[in-house]
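Using this note's numbering, you'd call the opening residue of the sequence shown number 14 and step up by one each time.
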Amino acid sequence: MSAAAALLQRLRDDQGARLQFARYVAIGGFVFVIDVGSFKLMYSRGVVLAVATTLSYLLAVATHFTLNRTYNFRNFDRALWRQVRTYAVVATVCWVVQLGVVEGLFRVAHVDATLAKAIGVIVNIPLGFVGHRYLTFGHGIGGAIRKLRA
């Protein structure tokens with residue numbers, strides 16, 4: 014079974030996971046406005062595409078972490094610094110994916126920069142949810158590796 018199919022199965026069978034995913038998407042919608050809005054503002058003021066993408070992404074992930082930790086996953090079992098460290102790893106993976114999508118769509122497919130940014134955000138929704146649910150606000154990367162080995 015593919016990872017996407019496994020996620021869909023889990024969401025169908027687990028009401029708690031469905032609720033978390035719904036809250037994750039709602040928080041993501043709010044963060045999306047921050048991300049794309051700040052991107053559009055910076056890019057329209059002449060900030061280089063990659064820099065505007067990165068700075069808006071950093072602002073968005075700081076907001077995203079805070080809201081998901083406090084209101085969605087509500088996981089305070091691991092130390093804050095450990096969650097921030099894991100979040101940074103997951104967010105970095107998502108940033109690389111987003112930067113690739115934005116640059117690829119803009120430079121290769123000649124898609125409008127703002128639309129390319131929006132598509133990059135949408136691509137990251139399932140990747141980010143799984144990473145944050147099971148790693149950032151779960152047992153962490155080391156805990157997940159130990160669980161897989163057991």
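Every residue, glycine too, gets a C-beta built ideally from N, C-alpha and C.
Residue i vs residue j beta-carbon contact at 9 Å
i	j	result
ALA104	PHE78	yes
THR127	PHE52	yes
TYR147	ASN81	no
VAL115	LEU62	yes
VAL174	ILE132	Nothing can be reported for residue 174: it is not among the residues displayed for the chain, which extend from 14 to 163.
ASP48	ALA30	no
LEU140	VAL97	no
PHE86	GLN22	no
THR66	LEU112	yes
Between the CA atoms of residue j and residue i - distance to the nearest angstrom
i	j	result
GLY59	ARG162	49 Å
LEU71	ALA18	30 Å
ALA122	ALA129	10 Å
Helix, strand or coil at residue i according to DSSP, with G and I counted as helix
i	result
ARG87	coil
ASP27	coil
HIS123	coil
GLY113	helix
ARG36	helix
ARG159	helix
ALA92	coil
GLY59	coil
(message) Using a Cβ distance threshold of 8 Å, determine whether the segment 130 to 137 contacts the segment 150 to 160, with at least three qualifying pairs required.
(response) Verdict: no, contact absent.
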